[in-house]
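Numbering (my numbering), first residue to last: 3 to 87.
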Amino acid sequence: MTMLSTISYSTTTPGLRRRAMLSLARLRRGLLHWLDAALAYRERRAALFALRQWNDRELKDIGLNRGQIEQAVGGASRRRAGWRG
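Right, dumping it as structure tokens:
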């Protein structure tokens with residue numbers, strides 16, 4: 003009986019191990035994606051805060067007006083992240 007349980011265990015273990023490794027890889031990928039999104043959000047918020055503190059002349063020097071700040075920050079972060087939207 004010990005011989006049969008050892009044989010059946012050794013034949014099913016690689017399949018279970020592979021599925022477990024794939025599940026862990028998916029979980030890791032999902033967590034990293036979530037972390038990237040959270041960091042990008044924080045960067046956008048910090049950039050918006052900083053640009054809103056600038057006066058109109060400083061914004062004009064970089065080619066923006068107040069109404070374009072959010073669009074400029076959103077577009078730059080999407081390009082950095084590689085989004086195509």
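From the three backbone atoms N, C-alpha and C, an ideal C-beta is built for every residue, glycine too. Remember, it's a predicted structure, so these values are computed and weren't measured experimentally.
In whole angstroms, give me the CA-to-CA distance for residue i and residue j.
{"i": "N57", "j": "M23", "result": "53 Å"}
{"i": "D38", "j": "R46", "result": "12 Å"}
{"i": "R31", "j": "S25", "result": "10 Å"}
{"i": "G69", "j": "L29", "result": "40 Å"}
{"i": "A27", "j": "R21", "result": "10 Å"}
{"i": "Q55", "j": "A49", "result": "10 Å"}
{"i": "K62", "j": "R44", "result": "25 Å"}
{"i": "G17", "j": "L33", "result": "24 Å"}
{"i": "I64", "j": "A74", "result": "11 Å"}
{"i": "T15", "j": "H35", "result": "30 Å"}
Leaving out the 5 sequence neighbours to the left and right, which residues in its chain are closer than 8 Å to residue i when beta-carbon positions are compared?
{"i": "N67", "result": "D58, L61"}
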